[in-house]
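Here the protein sequences come in this chain order: A and B.
Per our numbering, residue 150 is the first one in the first sequence, and the count goes up by one each step.
Per our numbering, residue 22 is the first one in the second sequence, and the count goes up by one each step.
Even glycine gets a Cβ: it sits at the ideal position worked out from N, Cα and C.
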Amino acid sequence: MAKPTVALFITCIGDQFFPQVGECVVKILRRLDVEVTFNPAQTCCGQPAFNTGYRQEAKEVAARVLDLFEDADYVVAPSGSCTSMVRVFYPELFAGDPGLLHKWERLKGRFYEFSEFLIEVLKVEDVGARFAHRVAYHDSCHLLRELGIAEPPRKLLRQVRGIDLVEMTDDKLCCGFGGTFSVKFPEVSVAMGEDKLRAASQAGAEFLVANDSGCLMHLAGLIHRQGLPLKTIHLAELLERR
Amino acid sequence: MAGHEVHSNEIHELGNRALADEHLQEAYRSSTLRLFNHRREALREVPGWERLRERASALKREVMEHLDYYLEQFADNLERRGGQVHWATTGEEACAIVLEIARRAGAREVVKAKSMVSEEIELNQALQAAGVRAVETDLGEFIIQLAGERPAHIVAPAIHMTRGDVSRLFTRHLQSEPTEEPEKLTGIARRALREMFAQAGLGVSGGNFLVAETGTVVTVENEGNIRFCTTAPRVHVALVGIEKLIPRFQDLGVFLRVLGRSGTGQKLTSYTSMLTGPRRPGEDGPEEMHVVLVDNGRVATLADPKMREALYCIRCGACLNTCPVYRKIGGHAYGWVYSGPIGALVTPQLVGLQPARELPFASSLCGACREVCPVKINIPDLLLHLRSEVQENAPAPQPPEALLGERTSMRLWAAVMKRPLLYSLGSRLARWGQVVFARQAWIRRIPFYPASRWTEGRDLPALAPKSFRQLWKAEGGSRK
C-alpha cells in the first residue's frame, strides 16, 4: 500500500502560539511512515467569528478551508475544537449554499483530529513515547461532546512508558476557555479554570494534558499568573517524548 | 410580552457579585452537585435511557409541528368534562383572566402552587395590586416570597439559600425559633400555610403536562401542596404555557420517567396528579376548574423553525445543575425568571432580543447541557444561533477600552484570514509589537480590548518566536 499522505491543519493558535505542537505531530506521523504536507495557504477554520455570532465573516474564512486540501488523503488537526468546527458546524454555516456543502461533503470524511487519526485510521496505540510523570487528561469539550472522542487519547496515553495516568474528579467539566467566552465572561472563565486546576492538583498531577491549544493556553495562563506547581502539555508534545 | 423588570444584560455585574460571595458559591456548588449526582445515580438503573430521550424528543417535535391541533383537542376534551379553558396571548391577559376568576369566586386570598409561568407573567404582583393576597405554598417558593426574590432555579427556587439563611428568614418574618433542622423548618412553613389552605377561595397552579387526548392537566411534585391547592379551594385555575401539551395519555409514561430522574433523580416524584375537570357528583375537588393557556411569546418562538426546539423543554432543571456557568453565577444573574442554559434560550424569546442580548454569550458552549437534556434540545446550537441573531439585530455597545467595534474587528480579522500573505505579514508585525508587552515569553497585561479581558485574570503566552509556517519553510518542508 502506498504511504498515506496527511495534510496538517495546524490551526491558527497552533501556528502562532504553539508551533512545537505542530512539529511534534509531524515527527510522530513520520515515525509512523506517513507522508506529511503543509499547505501554507491555510490560516483559520473560522470558529472565532462563528462562536461570536458573526456568520458572514466566519463563512468567508471557512469557505477557504474547503479548497486547501483537495489532494490529501487525510487532513489532521491537533485540535478537537477546530476539527469540530469543520466536521460539525460547517454544515450549519454553509446551510443554503449547495456549492459549499458539496465541497464540505468531500472534505468531512477525510478530516481527523490527531488522536482519533492515530487510533481510528493508523490503528496505532503505542507511538513509542516515554514520559515518566504523573499526568491527568482533560477532556476538552468539543472533542468530547461534538466529536464523541474520549477513549482515543486515553488509549494513546496508557501506552506511554513510565507514565502515571490519574483521573480527575469532574474530568468532563469544562475548563472555562470557551473561545470568546474567555474574554466576554473573563471572571467566570477564570473561576472555572481554577476549579479545573484544583481538580488536577488534588489528583496529584504534575502535568495536565489535553488536545486543544485553546484550553491549554487558558490553563497555562492561569498557572503562570498564580505561580502554581503544575504544567500543561499538548497530547502531541507528550507523545513525541522519548 | 412580559416587559417588567428584566435585568438580563446585567449578567456580568450580577454574575461577578455572585462569584465574590463565598457563602453563595458554596450553596450553589453543593446543591447543584447534589442534584447532578442524584440524576446520575438514577440513570444507572434505567436501561434504554437514550431510547427514552429519543422518544420524549420525538413526541415534543410532533406536538410542536401540530400544536394548533393538540391545543384544540385538549380544550375540547377538558370542556367536555366541565373544565373552562381560557386563551391568553400576553402575560397581562393571563393575569386579567385569573383576576376575573378570583373576583367571581369572591376570593380575597389565593393559595399558589409552584408555577414558573406565574412568575413569568408576575401574577402575584397583579393580584396584590387588585387587593388579593397570594401565598406561595411550595416550600422553596414560600421562602423566596418571604425574601422578596425571584426563583434562583427552575425546580429549586431557593437553591441559593442554606438552612441557616432560611432559619434567619423564618425568624424574622414568622417569629419562629432559630433552627437548622430541615424537618423543623418545614414544620414552621407547614403551620403558616395550613391556615391559608383552609381560608383561600382560589387555588392557582401550573401544569407539567397537558394531555390532549383526554383534556388532563398533570402536575408533578414532592410536597403535596399542589394537590392541596388544586383540590381544597372552591375554584382551581391552572396557568400553563402552550408548549406543555403532549399528544396521548400513554405518552405520559415516557415523560414521567424522564422528568423525575432528570430533575431530582427520582424514579417518580412523591405525587403525580391528573386533573380532568371539576369535581363530579360524589367526588372531592373544586367546583370549578379553569385552565389558562398562555402564549406570551411562545407562538413567535414556534414560528421560528430553529428556535422552536426550545419549546420542547419540560423544565426539569438538569441543564442548570450541570452547567459550569450556572454553578458559578447562579440563577439571579440571568436577570429574569428562567436561568441557566435553558433560560439563556427562553428569555430572549419571551422578553425580546435586545433586553436579553448578553444571555446567549453566557456559555462556554461545552455542551454538558445538551448531554443531560431529557428532550434532547441542542442547546449550544441554539445559543450559537441566537448569538448570530444578536449580532445581526441587537448588537451590544462597544466596550470603552475597545479600539475598534467588535463587528469592525471581525471584518478586519476575516480580511486578514482570507489572505495568507496578509496573515503572515500580520503575524510578523505582531511579533515586533509584542516586545512592548512580553517578558520571558509571557504577557502580563495588554490594555486593549479584548486581550485586556484575558489578562485581567490570566497571563497570555507571547507569540512563539517563529510561527509554524516559518519553521516549516526554513526547514525545507517535506525534507525536514
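Unbroken alpha helix (DSSP H) run spanning His311(B), endpoints
Taking the first residue of the second sequence as position 1, residue 311(B) is located at position 290. No alpha helix (DSSP H) holds His311(B); the beta strand (DSSP E) holding it covers 309-315.
In chain B, what lies closer than 8 angstroms to Val224(A) by C-beta?
As a first step, residue 224(A) is located in the first sequence; it is residue number 75 there, counting from the start. Those do not exist, as Val224(A) stays about 15 angstroms from chain B at its closest Cβ, beyond 8 angstroms.
Gln308(A): contacting residues in chain B (beta-carbon distance under 9 angstroms):
The count along the first sequence starts at 1 and reaches residue 308(A) at position 159. In chain order: nothing, as chain B lies at least about 26 angstroms away.
Let's test the definition: count the other Cβ atoms within 10 Å of the Cβ of Ala150(B) and tell me whether it reaches 16, buried, or not, exposed.
Your numbering for residue 150(B) matches position 129 in the second sequence. The residue in question, Ala150(B), is exposed, as its Cβ has fewer than 16 Cβ neighbours within 10 Å.
Pick from Lys135(B), Gly152(B), Val456(B) that is closest to Ala483(B), judged by C-alpha positions
Taking the first residue of the second sequence as 1, we reach residue 483(B) at position 462. Among Lys135(B), Gly152(B), Val456(B), the Cα nearest to that of Ala483(B) is on Val456(B).
Over the uninterrupted alpha helix (DSSP H) stretch that includes Tyr239(A), give me the two end residues.
Within the first sequence, the letter at position 90 stands for residue 239(A). That run of the alpha helix (DSSP H) goes 239-242.
At the 8 angstroms Cβ level, is Glu31(B) part of the contact set with chain A, yes or no?
Locating residue 31(B) in the second sequence gives position 10, counting from the first residue. No, Glu31(B) does not count as interfacial toward chain A.
With distance defined between alpha-carbon atoms, name the residue in Ala259(B), Pro302(B), Val358(B) nearest to Pro178(B).
As a working note, residue 178(B) is residue 157 in the second sequence. Ranking Ala259(B), Pro302(B), Val358(B) by Cα distance to Pro178(B) puts Val358(B) first.
Given that Pro307(B) touches chain A, what residues does it touch there, using C-beta distances under 7 angstroms?
Indexing the second sequence from 1 puts residue 307(B) at position 286. By Cβ distance, chain A contributes nothing, its closest Cβ being about 46 angstroms from Pro307(B), past 7 angstroms.
Does the beta carbon of Gln165(A) come closer than 8 angstroms to any beta carbon on chain B?
Within the first sequence, numbered from 1, the residue matching residue 165(A) stands at position 16. For Gln165(A), the answer is yes, since a Cβ of chain B falls inside 8 angstroms of its Cβ.
If you follow the alpha helix (DSSP H) that Phe382(B) is part of, which residue opens it and which one closes it?
As a first step, residue 382(B) is located in the second sequence; it is residue number 361 there, counting from the start. That residue, Phe382(B), is in no alpha helix (DSSP H); it is neither H nor E in DSSP.
Close beta carbons around Asn145(B), own chain, < 6 angstroms, minus the five adjacent residues each side:
Locating residue 145(B) in the second sequence gives position 124, where the first residue counts as 1. If we look at Asn145(B) and ignore the five residues flanking it on each side, its Cβ neighbours are Ala155.
Return the CA-CA distance between Arg303(A) and Glu206(A), expressed in angstroms with no decimal places.
Translated into positions along the first sequence, residue 303(A) becomes position 154. Translated into positions along the first sequence, residue 206(A) becomes position 57. The straight-line gap from Cα to Cα measures roughly 36 angstroms.
Check the C-beta distance from Ser384(B) over to Phe280(A) and give it rounded, since I have them as a contact under 8 angstroms.
Locating residue 384(B) in the second sequence gives position 363, counting from the first residue. Locating residue 280(A) in the first sequence gives position 131, counting from the first residue. Rounded, the Cβ-Cβ distance is 34 angstroms, inconsistent with contact.
Give me, in chain order, the residues of the same chain whose beta-carbon lies closer than 6 angstroms to that of Glu172(A); leave out the 5 immediate sequence neighbours on both sides.
Along the first sequence, read from residue 1 onward, the residue named residue 172(A) stands at position 23. Result list for Glu172(A): empty, nothing under 6 angstroms.
Assigned secondary structure, Arg193(B) (DSSP; H/G/I helix, E/B strand, else coil):
Position 172 of the second sequence, counted from the start, is the residue given in the question as residue 193(B). Residue state, collapsed to three classes: helix.
Hey, Leu387(A) and Val358(A): beta-carbon distance below 8 angstroms or not?
Mapped onto the first sequence, residue 387(A) falls at position 238. Mapped onto the first sequence, residue 358(A) falls at position 209. Cβ atoms of Leu387(A) and Val358(A): closer than 8 angstroms.
Spatial distance of Val27(B) from Pro376(B) (CA atoms)
Along the second sequence, read from residue 1 onward, the residue named residue 27(B) stands at position 6. Along the second sequence, read from residue 1 onward, the residue named residue 376(B) stands at position 355. If you take the alpha carbons of Val27(B) and Pro376(B), they lie about 7 angstroms apart.
Is the Cβ of Thr381(A) closer than 8 angstroms to any Cβ of chain B?
Translated into the one-based positions of the first sequence, residue 381(A) becomes position 232. No, Thr381(A) does not count as interfacial toward chain B.
Mind checking which residues open and close the beta strand (DSSP E) that includes Asp313(A)?
Counted from its first residue, the first sequence places residue 313(A) at position 164. 313-315 is the span of the beta strand (DSSP E), which, as asked, contains Asp313(A).
Using a Cβ cut-off of 8 angstroms (strictly closer), state whether Asn200(A) contacts chain B.
Your numbering for residue 200(A) matches position 51 in the first sequence. Yes, because at least one Cβ of chain B sits closer than 8 angstroms to the Cβ of Asn200(A).
Chain A contacts made by the segment 481-492 of chain B, where a contact means CB separation under 7 angstroms
Leu481, Pro482, Leu484, Ala485, Lys487, Ser488, Phe489, Arg490, Leu492
For Arg248(B) and Tyr292(B), which I take to be in contact (beta-carbon distance under 8 angstroms), what is that distance rounded to the nearest angstrom?
On the second sequence, position 227 is the one that residue 248(B) refers to. On the second sequence, position 271 is the one that residue 292(B) refers to. 6 angstroms between Cβ atoms; contact.
Mapping the DSSP letters down to three states, classify His257(B) as helix, strand or coil.
Start at 1 with the first residue of the second sequence, and residue 257(B) comes out as number 236. Looking at His257(B) - three-state DSSP - the assignment turns out to be strand.
Give the residues from the segment 325-339 of chain A that approach chain B closer than 9 angstroms (Cβ to any Cβ), ordered along the chain.
Gly325, Phe326, Gly327, Gly328, Thr329, Phe330, Ser331, Val332, Lys333, Phe334, Pro335, Glu336, Val337, Ser338, Val339
Please check if any C-beta of chain A sits within less than 8 angstroms of the C-beta of Gln412(B).
Position 391 of the second sequence, counted from the start, is the residue given in the question as residue 412(B). Output row for Gln412(B): interface = yes.
Whole angstroms is fine: what's the gap from Ala41(B)'s alpha carbon to Leu366(B)'s?
One-based indexing of the second sequence puts residue 41(B) at position 20. One-based indexing of the second sequence puts residue 366(B) at position 345. For Ala41(B) and Leu366(B), the distance between alpha carbons rounds to 26 angstroms.
Straight-line CA distance for Val284(A) to Leu384(A)?
The residue labelled residue 284(A) in the question sits at position 135 within the first sequence. The residue labelled residue 384(A) in the question sits at position 235 within the first sequence. Straight-line Cα distance between these residues: approximately 11 angstroms.
How would you write the range of the alpha helix (DSSP H) that Glu413(B) sits in, first residue to last?
Start at 1 with the first residue of the second sequence, and residue 413(B) comes out as number 392. Note, Glu413(B): alpha helix (DSSP H), 400-414.
Go to Ile382(A), then tell me how far its beta strand (DSSP E) extends in each direction, as first and last residue.
The residue you call residue 382(A) lines up with position 233 of the first sequence. Residues 380-383.
First and last residue of the uninterrupted beta strand (DSSP E) at Phe330(A)
Numbered from 1 along the first sequence, position 181 holds the residue referred to as residue 330(A). Unbroken run through Phe330(A) is the alpha helix (DSSP H), 330-333; no beta strand (DSSP E).
Measure the Cβ-Cβ separation of Ile122(B) and Ala109(B) and say whether it is below 8 angstroms.
Numbered from its first residue, the second sequence carries residue 122(B) at position 101. Numbered from its first residue, the second sequence carries residue 109(B) at position 88. No; because the gap between Cβ atoms is not below 8 angstroms, this pair is not in contact.
Within the same chain, show all residues whose beta-carbon is closer than 7 angstroms to that of Arg278(B), passing over the 5 residues directly before and after it, in chain order.
On the second sequence, residue 278(B) is found 257 positions in, with the first residue counted as 1. Same-chain partners within the cutoff: Leu73.
Contact criterion: CB-CB distance below 8 angstroms. Does Arg38(B) meet it with respect to chain A?
Start at 1 with the first residue of the second sequence, and residue 38(B) comes out as number 17. So no, Arg38(B) is outside the interface.
Would DSSP call Arg319(B) helix, strand or coil?
Within the second sequence, residue 319(B) is the residue found at index 298, counting from 1. Here Arg319(B) sits in helix by DSSP.
Can you list, in chain order, the residues of its chain whose CB lies under 7 angstroms from that of Leu323(B), leaving out five sequence neighbours each side?
By 1-based counting over the second sequence, the position of residue 323(B) is 302. Excluding sequence neighbours, Leu323(B) sits near Met85, Leu88, Arg329, Leu332.
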